[in-house]
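Q:
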Amino acid sequence: MDQRRITVIHATEASMAPVADAFERNWSDTELTHVLDDGLSRDRQRQPQLTEDLRRRIHTLAAYAADCGAEAILFACSAFGEAIEAAAGQMSIPVLKPNEAMFRAALDCGDAPALLVTFEPAGPAMAAEFAELADCARPSARLTTVYVPGALDALRRGDETTHNSLIAAAAGRVSDADAIMLGQFSMACANADCERATSVPVFTSPDSAVGQLRALLGGD
28 MDQRRITVIH
38 ATEASMAPVA
48 DAFERNWSDT
58 ELTHVLDDGL
68 SRDRQRQPQL
78 TEDLRRRIHT
88 LAAYAADCGA
98 EAILFACSAF
108 GEAIEAAAGQ
118 MSIPVLKPNE
128 AMFRAALDCG
138 DAPALLVTFE
148 PAGPAMAAEF
158 AELADCARPS
168 ARLTTVYVPG
178 ALDALRRGDE
188 TTHNSLIAAA
198 AGRVSDADAI
208 MLGQFSMACA
218 NADCERATSV
228 PVFTSPDSAV
238 GQLRALLGGD
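Residue numbers for the sequence shown follow the numbering used here, beginning at 28 and rising by one.
#1: For the putative contact between Ser42 and Ala103, defined by C-beta atoms under 8 Å, what is the C-beta separation to the nearest angstrom?
#2: Check whether the Cβ of Cys163 lies closer than 8 Å to any Cβ atom in chain C.
#3: What would DSSP say about Ile120, mapped onto helix, strand or coil?
#4: Helix, strand or coil for Val237, going by three-state DSSP, please let me know.
#5: Using CA atoms only, rank isn't needed, just tell me which of Ser105, Glu51, Ala113 and Ala92 is closest to Pro125.
#6: Can you grab the Cα-Cα spacing for the pair Gly96 / Ala90, in whole Å?
#7: Quick check: what's the CA-CA separation for Leu77 versus Phe212?
#8: Among Arg83, Asp205, Ala236 and Ala195, whose alpha-carbon lies nearest the alpha-carbon of Asn218?
#9: Strictly by DSSP, which residues pair up with Leu59?
#10: Which residue wins for smallest C-alpha separation from Pro45, given the options Leu244, Gln239, Leu240 and Ser232?
#11: Return the first residue and the last residue of the beta strand (DSSP E) that Ala141 is part of.
#12: State the beta-bridge partners of Val173 as determined by DSSP.
#13: Using a Cβ-Cβ cutoff of less than 7 Å, which residues in the same chain neighbour Ala133 once the five nearest sequence positions on both sides are dropped?
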């Protein structure tokens with residue numbers, strides 16, 4: 028059987044390796060392709076809300092991936108949820124937001140999940156997505172969102188050790204959480220450090236998303 032072609036769309040180069048690693052761990056028998064617009068995260072950071080230009084770019088990226096033969100699209104950028112939903116409604120193939128599968132896994136653990144983010148604009152966007160899902164799946168859930176300053180800058184300059192340490196320290200300071208979610212794909216490399224820093228389950232968006240994709244497309 029031919030490999031399924033999955034296209035992952037990124038807003039930062041830092042998310043590419045975590046996605047590839049997650050597919051290698053969870054669904055290696057795929058043809059994985061990547062599309063990168065590394066201006067998206069910078070442009071999003073300058074805007075308090077999603078602009079029409081950003082929405083149009085998200086749709087254009089999805090359409091390009093579909094034109095290139097993707098059987099499914101996974102967005103690896105966490106601050107564009109509404110735009111991704113709009114693009115998905117115009118595609119004939121599955122288009123997944125980065126975090127829904129991770130949100131569901133955390134909700135299964137209880138009413139008090141915590142979300143760690145290293146890209147500050149992602150926090151409110153992801154909290155809104157989480158609230159929408161929780162209203163249906165677990166209305167009693169209350170999310171704690173924690174921004175980890177300095178971590179993403181460290182990763183961008185190649186200092187993964189500092190990046191992971193800052194995130195793990197933030198995870199260790201979270202109290203009374205049932206689960207901890209690492210909000211961006213680029214944070215997945217901090218998973219092991221976070222698991223050592225806390226006694227609650229730690230979920231990453233790439234591993235959860237790959238599992239969702241595999242189930243959706245019937246991967247053996």
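Beta carbons are placed, not taken as given, at the ideal position from N, Cα and C, and that holds for glycine.
A: Result, derived from the coordinates:
#1: Position 15 of the sequence shown, counted from the start, is the residue given in the question as residue 42. Position 76 of the sequence shown, counted from the start, is the residue given in the question as residue 103. Contact holds; Cβ gap of about 4 Å.
#2: Among the chains in the structure shown there is no chain C, since it carries only a single protein chain.
#3: On the sequence shown, residue 120 is found 93 positions in, with the first residue counted as 1. Here Ile120 sits in coil by DSSP.
#4: If you number the sequence shown from 1, residue 237 lands on position 210. It is helical.
#5: Taking the first residue of the sequence shown as 1, we reach residue 125 at position 98. If we check each option's Cα against that of Pro125, Ser105 comes out closest.
#6: Taking the sequence shown and counting its residues from 1, the one referred to as residue 96 is at position 69. Taking the sequence shown and counting its residues from 1, the one referred to as residue 90 is at position 63. Spanning the two alpha carbons is a distance of roughly 10 Å.
#7: Here the question's residue 77 lines up with position 50 in the sequence shown. Here the question's residue 212 lines up with position 185 in the sequence shown. If you take the alpha carbons of Leu77 and Phe212, they lie about 20 Å apart.
#8: Translated into positions along the sequence shown, residue 218 becomes position 191. Considering only alpha carbons, the answer is Ala195.
#9: By 1-based counting over the sequence shown, the position of residue 59 is 32. According to DSSP, which records beta bridges pairwise, Leu59 is partnered with Ile33.
#10: On the sequence shown, residue 45 is found 18 positions in, with the first residue counted as 1. Among Leu244, Gln239, Leu240 and Ser232, the Cα nearest to that of Pro45 belongs to Ser232.
#11: One-based indexing of the sequence shown puts residue 141 at position 114. Unbroken beta strand (DSSP E) run through Ala141: Pro140 to Val144.
#12: For this step, residue 173 is matched to residue 146 along the sequence shown. The partner list for Val173 (beta bridge, DSSP) reads Leu143.
#13: Numbered from its first residue, the sequence shown carries residue 133 at position 106. Around Ala133: Pro140, Ala206, Met208 and Phe230.
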